[in-house]
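A.B. asks:
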Amino acid sequence: MKLESQAGEPAEDEPQALPEATRWYADSDIGRRYAKVCGDYNPIHLSAASARLFGFPTAIAHGMWSKAMALAALRGHLPHSGFAFEVDFRKPVRLPSEVVLGASEAGTTGELRLDGHGGVLHMVGRWDRL
54 MKLESQAGEP AEDEPQALPE ATRWYADSDI GRRYAKVCGD YNPIHLSAAS
104 ARLFGFPTAI AHGMWSKAMA LAALRGHLPH SGFAFEVDFR KPVRLPSEVV
154 LGASEAGTTG ELRLDGHGGV LHMVGRWDRL
């Protein structure tokens, strides 16, 4: 049984750092633009004013937008067909902001993580061959 991590070791629930695959900037209006595509007009994604009514300091990016961006960015890392792509959302992406997508090497299985300013972990995930 491990009671505490050694200095310099990541906590057990903290995924390992991964090489940077790409980065992108999420504009303050991405929630409104994505809502037009997906039909999800949740106020937390539309504006800072409407997001504040629900306890958020700014509007936040839709999780499915973040997942779609990662999937598109990793197309060269993924199998050509027959794979699962799963993510776990950790912290919301506040708008506007820049995020960094890290990913393991291309292959039939792999891992990804989406980090923001100050090392905030927004999303982790993996892909596997079916």
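In terms of this note's numbering, the sequence shown has 150 at position 97, counting the first letter as 1, and numbering is strictly consecutive. Idealized CB from N, CA, C, for every residue including glycine.
#1: Which runs of the alpha helix (DSSP H) at least 4 residues long sit entirely within the stretch 59–114? Give them in chain order.
#2: With contact counted as at least three CB pairs below 8 Å, one residue from each stretch, are the stretch 154–172 and the stretch 80–90 in contact?
#3: Is the beta carbon of L183 closer than 9 Å to that of S81?
#4: Which first and last residues belong to the alpha helix (DSSP H) in which G116 is found?
#5: Could you give the distance in angstroms between the alpha-carbon of W180 and the alpha-carbon of F107?
#6: Give the C-beta separation of P75 and A126 to the nearest angstrom, bearing in mind that I take them to be a contact with Cβ-Cβ under 8 Å.
#7: Per DSSP, what kind of secondary structure is H175 in: helix, strand or coil?
#8: V140 and A114 look like a contact to me (Cβ under 8 Å); what is the Cβ gap, rounded to whole Å?
C.D. replies: To lay it out plainly:
#1: 83–91, 96–99 and 101–105
#2: no
#3: Working through the sequence shown from its first residue, we reach residue 81 at position 28. Working through the sequence shown from its first residue, we reach residue 183 at position 130. Contact flag unset, no.
#4: Taking the sequence shown and counting its residues from 1, the one referred to as residue 116 is at position 63. Element bounds for G116: G116 to A126.
#5: Along the sequence shown, one-based indexing puts residue 180 at 127. Along the sequence shown, one-based indexing puts residue 107 at 54. In a straight line, the C-alpha of W180 is about 33 Å away from that of F107.
#6: Position 22 of the sequence shown, counted from the first residue, corresponds to residue 75. Position 73 of the sequence shown, counted from the first residue, corresponds to residue 126. Correcting the residue identity first, residue 75 is Thr in this sequence and not Pro. So it is a contact: roughly 5 Å between Cβ atoms.
#7: In the sequence shown, residue 175 corresponds to position 122, counting from 1. In the structure shown, H175 sits in a strand (DSSP, three-state: E or B).
#8: The count along the sequence shown starts at 1 and reaches residue 140 at position 87. The count along the sequence shown starts at 1 and reaches residue 114 at position 61. Rounded, the Cβ-Cβ distance is 13 Å, inconsistent with contact.
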